[in-house]
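The structure under discussion appears below in the form of structure tokens.
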Amino acid sequence: MWIDLLNAGLKKEEIEGKPTPYLLNKWKALQRSQKEKEEFDEKQPSAPLMEEAEKEKAESGKNSQRWLGSPRPLIMRSGQAPGIREVQEVSPGDMRPYVPLIIYWQKGMPHVMALIDTGAEVTLINGNPKRLPGKSVIINGYGGAETEAQPVKLKLSIGKGPPFTAVVLMAEVPEYIIGVDFLLGKTIETQ
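Under our numbering, the first residue of the sequence shown carries the number 157, and numbering increases by one thereafter.
In structure tokens form, the structure reads like this:
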């Protein structure tokens, strides 16, 4: 145990004189983190798979729809709006929960799958914000990316809930996203 703690970077002064339960807890935490790292490394795509994906990308001239390292296949198909990822199955332990979203703005009321994102401050729908009148806003995304968005008032329903009117942001985004602005005020029933 002492050797493992010293090899992990703890100083000898941090170990000497400490009670055994304290050191045991540190050692167990170290073992857990090493096990998690090993599991993560095992799930990473191997070099031949990465080379194959790069080859597919070069041949097609665009990004491959294949997602490497997935515990289950990611089913992608085009939804009602081009470029939107639609999930056909959601497992109970899914880290990316989706719910049905109905937008009442066109004939046929498009049904899409929206991602519930507790890290998103606003709700986003896919669309061209330049086609709408009014002042657009700039939203910052992950990695410092900036996206132009347009506030728009729409009639929506989430899951099996009743229709309601809300102001959402329309932007050219790859997924419909339900943010905390809805989550704090709405109860969303996921199947």
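Note that the Cβ used here is the ideal one computed from N, Cα and C, for glycine as well.
Handout entry: Same chain only: Cβ atoms within 7 Å of P126, ignoring 5 sequence neighbours per side
Key = With the chain covering only 157 through 347, there is no way to say anything about residue 126.
Practice task
Could you spell out where the alpha helix (DSSP H) holding E170 opens and where it closes?
Solution key: That run of the alpha helix (DSSP H) goes 168 to 171.
Exercise for the section: Quick one: give me the first and last residue of the beta strand (DSSP E) that L257 is part of. Expected result: First-last of the beta strand (DSSP E) with L257: 254 to 259.
Problem - For T176, the three-state DSSP class (helix, strand or coil) - result: In the structure shown, T176 sits in a helix (DSSP, three-state: H, G or I).
Handout entry: Own chain, CB closer than 8 Å to S313, minus 5 neighbours either side, in chain order
Key = Answer for S313: L257, I258, Y260, P319, F320, listed in chain order.
Exercise for the section: Please state whether DSSP places V329 in a helix, a strand or coil. Expected result: Three-state result, V329: coil.
Practice task
Measure the C-alpha to C-alpha separation of E169 and P307 and round it to an integer number of angstroms.
Solution key: C-alpha separation (whole angstroms): 58 Å.
Problem - Test: Y178 CB closer than 8 Å to a CB of chain B - result: Protein chain content of the structure displayed is limited to a single chain, and chain B is not contained in it.
Exercise for the section: Name, in chain order, the residues that DSSP records as bridge partners for S313. Expected result: Paired residues: I258.
Problem - Run of the alpha helix (DSSP H) containing V336, from where it starts to where it stops - result: It spans 336 to 339 - the alpha helix (DSSP H) in which V336 sits, taken as one unbroken run.
Handout entry: Euclidean distance between Cα positions of Q187 and L180
Key = Whole-angstrom Cα-Cα distance: 10 Å.
Handout entry: Burial state of S234 (16 or more Cβ within 10 Å)
Key = A caution first: S234 carries a pLDDT of 33, below 50, which makes its placement in the model too unreliable to give a value.
Handout entry: Nearest-angstrom Cα separation, counted from K184 out to K309
Key = About 52 Å.
Problem - Residue burial classification, V348 (beta-carbon count within 10 angstroms, cutoff 16) - result: This structure does not reach residue 348, given that the chain is present from 157 up to 347, and the question cannot be answered.
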